[in-house]
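Reading through the structure tokens given below for one structure.
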């Protein structure tokens, strides 16, 4: 099973991905792209996308990007910078790229954009592959 097939298999069995209508747009060796519509239930009192959901879509992108055919990779740390708000009913897209990988560790940069392809957040995370 290829990395792409493995990531899509994981996505298909993840209830959070299904519950939030997250779409896997692309999975390849150098990046993973997922998208999600900002539903009214995902917005705060100001009718803008809640930051927790922006974090979540970035985390999902990193999770799928770091998936490996013969093991499990989990997030060990993450940091996000929110750049601008997202409107209700907009669609956000998270693109995960590997910045560095060595052994069982990897560092990721995930750019989250809005429907106009404008950056709304930059997420940086680390993953660790579990021992078999």
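Residue numbers (the numbering used here): 12 to 143. Just so you know, even glycine gets a beta-carbon here, dropped at the ideal spot from N, CA and C.
- Secondary structure at residue 47: strand, using DSSP grouped into helix, strand and coil.
- Contact between residue 38 and residue 23 fails: their C-beta atoms lie close to 12 Å from each other, not under 8 Å.
- By the CB criterion at 9 Å, residue 117 and residue 72 fall outside the cutoff.
- Remark: C-beta atoms of residue 36 and residue 45 approach each other more closely than 9 Å.
- Under the DSSP definition of a beta bridge, residue 85 partners with 139.
- For residue 66, the closest C-alpha among the options 111, 129, 123 is that of 123.
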